[in-house]
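K.L.:
Under the numbering used here, the first residue of the sequence shown carries the number 8, and numbering increases by one thereafter.
Ideal Cβ positions, reconstructed from N, Cα and C, are used throughout, including at glycine.
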Amino acid sequence: MAALTANDDWHVGILVGPHPCEVQPEVAFCQLLKLLTCTYGRLRGGHIALFHICLVLVPMRHLTLCFLEGIVPHVPLAIDRTGSGPPLVLIHGLGSSRRVWDGPLELLQSEREVIAIDLPGFGDSPVLNTTPTPDALADALEELFVDLGLTRPAVAGNSLGGLLSLELARRGVVSSAVALSPAGFATPGEARFASISLALSRKAAGAISGLLPKLVQYPAGRIALTAQLAAHPTRIPPTEMLTAISGLTDSPGFDATRKALFDYVWTSREPLPVTATIAWAERDHLLLPRQARRAEAWIPGIRSIGLRDCGHVPCWDNPSLVARTILEGTAPGS
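(1) Please report the straight-line C-alpha distance between Thr-250 and Ser-258, rounded to a whole angstrom.
(2) Let me make sure I understand the geometry here. Which of Pro-93, Ala-299, Pro-94, Phe-129 has the alpha-carbon closest to that of Gly-254?
(3) In whole angstroms, what separates the C-alpha of Asp-262 from that of Arg-199?
(4) Please classify Ser-117: does DSSP put it in a helix, a strand, or coil?
(5) Report the option in Ala-143, Phe-152, Ile-122 whose CA atom is closest to the CA atom of Leu-170.
(6) Apply the 10 Å Cβ neighbour rule to Ile-215 and answer buried if 16 or more other Cβ atoms are within range, or exposed otherwise.
(7) Express the C-alpha separation of Pro-339 and Leu-114 in angstroms, rounding to a whole number.
(8) When DSSP labels each residue in this structure, what does Trp-323 get in the three-state scheme?
(9) How about the segment 207-223 and the segment 303-319: do they share at least three Cβ pairs that are nearer than 8 Å?
(10) On the three-state DSSP scale, how would you describe Glu-335?
(11) Exposed or buried, which one is Ser-104 when buried takes at least 16 other CB atoms within 10 Å?
(12) So does the segment 89-102 actually touch the segment 152-170, counting three or more Cβ pairs closer than 8 Å?
(13) Do you know offhand how far Ala-227's Cα is from Pro-244's?
(14) Report the three-state DSSP secondary structure of Ile-252 (helix, strand or coil).
(15) Taking Ile-203 as part of the alpha helix (DSSP H), name the residues at either end of that continuous run.
(16) With a CB to CB cut of under 6 Å and the five nearest residues on each side skipped, what residues in its chain are close to Trp-323?
(17) On the DSSP bridge list, what partners appear for Pro-94?
(18) Less than 8 Å between the CB atoms is what I'm expecting for Gly-191 and Tyr-271, so what's the real figure, rounded?
(19) So for Ile-230, helix, strand or coil by DSSP?
(20) Who are Leu-187's beta bridge partners in DSSP?
(21) List the DSSP bridge partners of Asp-87.
(22) Are the Cβ atoms of Ala-212 and Leu-219 separated by less than 8 Å?
(23) So, under 8 Å CB-CB, His-239 and Ala-288 are touching, yes? Tell me the CB distance rounded to an integer number of Å.
(24) In whole angstroms, what is the alpha-carbon distance linking Ser-182 and Ile-252?
(25) When the Cα of Gly-179 is compared with those of Val-134, Arg-331, Leu-187, Pro-278, which residue comes out closest?
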């Protein structure tokens with residue numbers, strides 16, 4: 008009996024020789040259930056994975072399994088799902104995780120069913136088995152919507168997550184979108200600066216990882232670690248900062264996603280088919296606030312506001328402002 012294989016976009020199966028496979032039935036059924044568990048889902052081409060299975064029981068201890076057809080689908084994404092109301096999907100930025108939304112979550116979940124996700128290769132989600140371009144990541148999010156039974160949810164995202172929110176809005180698969188300091192509107196020089204800055208921050212934090220638990224306890228340490236990302240690093244609780252920095256250093260998808268994002272520029276000059284808001288942090292030192300003017304020019308009719316006294320990750324500086332901005336921008340009928 009051949010070993011199980013499971014490769015995306017390939018047929019997989021349990022192959023049977025000329026005689027029944029001599030295997031304990033309970034073992035065979037466990038293998039089968041495991042395979043089915045990891046292979047149910049929506050495919051990139053928009054088809055549902057179908058399986059044709061034949062089970063033939065032969066005298067007592069012999070079981071023949073013929074797994075004739077099937078395709079292994081996308082990578083499952085880790086999520087937290089809380090609250091009640093119209094669905095709202097939250098998408099974090101490069102090197103972050105769904106934990107970044109913990110600050111505004113209490114206000115958001117009082118009015119929305121909130122689905123905070125880990126992008127592929129970040130937090131608790133496995134990496135994609137393809138290059139994690141913005142288009143591929145948006146595809147993965149569309150697949151997640153289908154898996155969760157979400158029909159055109161509202162979305163909100165920060166940085167890379169903001170870009171993905173706008174891309175999903177462009178595709179018309181969401182009801183509304185809020186993008187906080189989104190990627191995709193930088194000049195080549197600005198993009199190079201942001202990409203190299205994040206890479207160096209990741210390397211530096213990794214080099215002193217053993218000292219991080221102590222450094223985050225001191226205001227000076229928090230300032231040194233996150234001054235580029237937060238307007239008020241000392242407001243960030245030490246445990247939250249440690250979680251964020253550990254996510255930056257430990258994310259297996261960071262390098263590939265950073266490289267795929269490096270030269271990405273928003274190319275469409277058409278209005279979005281749904282309501283969308285860009286909210287740029289006015290003290291953003293990574294994706295500079297002047298990029299908001301390009302976004303306004305490149306996306307006709309988009310609503311654009313500033314997030315006063317906030318850095319690139321506004322959830323750290325003013326979580327209540329972030330929550331209000333998202334609720335207003337994703338209000339049903341907005």
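P.N.:
On the basis of the supplied data:
(1) The alpha-carbon separation between Thr-250 and Ser-258 amounts to approximately 12 Å.
(2) Phe-129
(3) The C-alpha of Asp-262 lies about 14 Å from the C-alpha of Arg-199.
(4) The answer is coil: DSSP assigns Ser-117 none of H, G, I, E or B.
(5) Ala-143
(6) exposed
(7) Whole-angstrom Cα-Cα distance: 17 Å.
(8) helix
(9) Contact between the segment 207-223 and the segment 303-319 is not established, with fewer than three Cβ pairs separated by less than 8 Å.
(10) If DSSP states are grouped into helix, strand and coil, Glu-335 belongs with the helices.
(11) buried
(12) yes
(13) 13 Å
(14) helix
(15) 195-214
(16) Ala-237, Ile-243
(17) Beta-bridge analysis with DSSP links Pro-94 to Glu-120.
(18) 6 Å
(19) In the three-state scheme derived from DSSP, where H, G and I count as helix and E and B as strand, Ile-230 is classed as helix.
(20) Asn-165, Ala-286
(21) Ala-123
(22) yes
(23) That belief does not hold up - the Cβ atoms of His-239 and Ala-288 are roughly 12 Å apart, past 8 Å.
(24) It is roughly 33 Å from the alpha-carbon of Ser-182 to the alpha-carbon of Ile-252.
(25) Pro-278
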